[in-house]
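In our numbering, the protein residues as written are 1018 to 1192.
What follows is the structure, encoded as structure tokens:
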């Protein structure tokens, strides 16, 4: 596997990949789908361009080799707390979810931020995504007891199918 930071040239491929991984037809068979909770897109090119441009975030691409299609991606962003990074948009090709690529990408992402002096990684998970929460807990992430509101007013993140969505905050202390 190779891991490279995304550039503007990768935005269209990334938008298609992330939307398919979270909400596409092939994602429906996988455990990572959120299509029953949120309709529409997961991300758009405007959000992704802002992420790539803001200087606080890096979107890492995972491929089998330089010419291969995307196998996964993850966004890593500094926070107002210097030793804490926010991890989001971890997506794996739904056809390859049983191959351990999520663990591989998460481990690489944690090493990536640790090399940049991170001591802790923070994530948010929709409270109804129990299997996803459990997956992160098996990898050392712990619930903080904090929550964050779902962005109901911003349809760039999709159209919620329920009115009770919010995010649970998890953190992992890096060794």
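The beta carbon of each residue, even a glycine, is placed where N, CA and C say it ideally should be.
- Residue 1175 has its alpha-carbon roughly 6 Å from the corresponding atom of residue 1059.
- According to DSSP, residue 1092 shares a beta bridge with 1076 and 1105.
- Contact check for residue 1107 and residue 1091: beta-carbon distance about 4 Å, within the 8 Å limit, so the pair qualifies.
- Here residue 1089 is buried. Its C-beta has 16 or more other C-beta atoms within 10 Å.
- Taking each of 1150, 1072 and 1034 in turn and checking the Cα distance to residue 1087, the smallest one comes out for 1034.
- Residue burial annotation: residue 1022 is exposed, with fewer than 16 other C-beta atoms found within 10 angstroms of its C-beta.
- In this structure, the CA atom of residue 1140 is about 22 Å from the CA atom of residue 1178.
- A straight-line Cα-Cα distance of about 17 Å links residue 1142 and residue 1122.
- Within the DSSP bridge table, the entry for residue 1159 names 1188 as partners.
- Under the criterion of beta carbons closer than 8 Å, residue 1184 and residue 1158 do not qualify as touching, at roughly 13 Å.
- Judged by DSSP in its simplified three-state form, residue 1164 adopts strand.
- Within its own chain, the residues whose Cβ lies closer than 7 Å to the Cβ of residue 1165, once the five positions on either side in sequence are excluded, are 1141, 1183, 1184 and 1186, listed in chain order.
- Membership of residue 1139 in any alpha helix (DSSP H) is not indicated; the residue belongs instead to the beta strand (DSSP E) covering 1137-1143.
- When DSSP states are grouped into helix, strand and coil, residue 1039 belongs to the helix group.
- When rounded, the separation of the alpha-carbon atoms in residue 1124 and residue 1104 is 12 Å.
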